[in-house]
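Data first, discussion second: the structure below is written as structure tokens.
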Amino acid sequence: LASKTLSGKQILITAGPTWESLDPARGLTNRASGKQGFALAQACAEAGAQVRLISGPSHEATPPGVLREDITSAQEMLEACLHSLEIPTDLLIANAAVADHRPTLQSLHKTPKSAVPEQIALTLNPDIVSSIHRHPQRPRVIVAFAAETRDHLDSARAKASRKGADTIIVNDISSNTTGMGCEINACTLLHDKTQIEIPACRKIDMARILIRHISKIHFASEVH
Ligand code: C5P
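Numbered as in full-length UniProt numbering, the sequence shown ends at 412 without a single skipped number.
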């Protein structure tokens with residue numbers, strides 16, 4: 189039985205990819221199924237939290253008790269997150285694989301196949317974690333993710349401090365059997381001097397282990 193380590197906590201989770209449309213039929217996206225983010229939402233709900241899940245396009249089912257909002261683009265995800273911060277938030281878990289760029293111009297009509305664009309101009313998308321970090325209603329704790337390989341723990345730490353995240357979870361995407369789109373995942377959690385390796389396991393088990401560590405690191409004094 190899951191212990192209610194996050195009883196009454198308000199948690200905001202971003203999950204899935206974002207889709208940046210070029211025209212009504214085409215666009216840019218990132219590889220992400222939403223599986224790990226949805227599993228984290230489930231684990232938080234099991235731990236007694238009030239969970240708001242903001243997700244890009246995903247086929248995953250909404251976990252019981254989780255309030256889900258679907259968005260498409262990075263700009264929509266940011267807007268939905270900022271709106272959601274009107275509820276004082278204890279914890280943000282930014283698991284979404286946000287597309288870094290969007291097409292500068294979006295066509296209202298489908299471009300004919302013969303009109304091959306020589307170049308596609310791109311615009312940098314806003315960084316959702318950084319924007320939330322700078323927001324007056326910043327959640328008490330921000331946990332971000334980094335899809336890297338195990339040799340890049342230093343760059344993950346730098347990424348956390350650049351974005352204003354308190355903890356960063358490095359996803360091992362160096363193999364075909366873990367990470368994006370797979371049923372299993374392997375992670376390293378980094379917080380200050382702490383480094384916790386979590387060996388490959390099912391994403392729901394990973395979510396429960398991560399939530400146990402996050403509760404202990406950030407909410408220990410409040411756990412009953
Ligand atoms: O910089 P990178 O995309 O590797 O950072 C990953 C982390 O930052 C994830 O937590 C992701 O959800 C978040 N992110 C974001 N907004 C972006 C890009 C990434 O919140 N535009």
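We put the CB at the ideal spot given by N, CA and C, even for glycine.
Let me check understanding here. Comparing Cα to Cα, which of the options lies closest to residue i?
| i | options | result |
| --- | --- | --- |
| N238 | A213, N283 and Q198 | In the sequence as presented, Asn is not what sits at residue 238; that position holds Gln. Residue Q198 is the option with its Cα nearest to Q238. |
| T311 | P305, L296 and H289 | H289 |
| W207 | T193, S191, P252 and N313 | N313 |
| I402 | V331, G236 and A287 | V331 |
| L280 | S409, C389, I357 and I372 | I357 |
| R240 | N218, A282, L210 and I384 | A282 |
| V254 | L200, E306, A287 and I275 | L200 |
| S362 | K347, A334 and Q383 | A334 |
Using beta-carbon positions only, say whether residue i and residue j come within less than 7 Å of one another.
| i | j | result |
| --- | --- | --- |
| G222 | E264 | no |
| I316 | L273 | no |
| I386 | C375 | yes |
| S246 | G204 | yes |
| A233 | R396 | no |
| I262 | A220 | Looking at the sequence itself, residue 262 is Ala, so the reference to Ile does not match. Taking 7 Å as the Cβ cut-off, A262 and A220 do not qualify as a contacting pair. |
| P252 | A229 | no |
| A235 | T193 | yes |
| L377 | R345 | no |
| Q294 | S195 | no |
| G352 | H321 | yes |
Express the C-alpha separation of residue j and residue i in angstroms, rounding to a whole number.
| i | j | result |
| --- | --- | --- |
| D380 | T355 | 8 Å |
| P212 | L270 | 26 Å |
| E371 | K404 | 26 Å |
| T277 | V304 | 46 Å |
| residue 446 | P327 | No information on residue 446 is available, as it lies outside the stretch 189 to 412 that the chain covers here. |
| Q325 | I242 | 17 Å |
| S297 | P291 | In the sequence as displayed, the identity of residue 297 is His instead of Ser. Rounded to whole angstroms, H297 to P291 spans 15 Å at the Cα level. |
| M394 | A309 | 38 Å |
So, with DSSP's three-state summary, where would you put residue i?
| i | result |
| --- | --- |
| L341 | helix |
| E371 | coil |
| G196 | coil |
| D278 | coil |
| S243 | strand |
| L210 | strand |
| A408 | helix |
| L228 | helix |
| I356 | strand |
| L273 | coil |
| I384 | strand |
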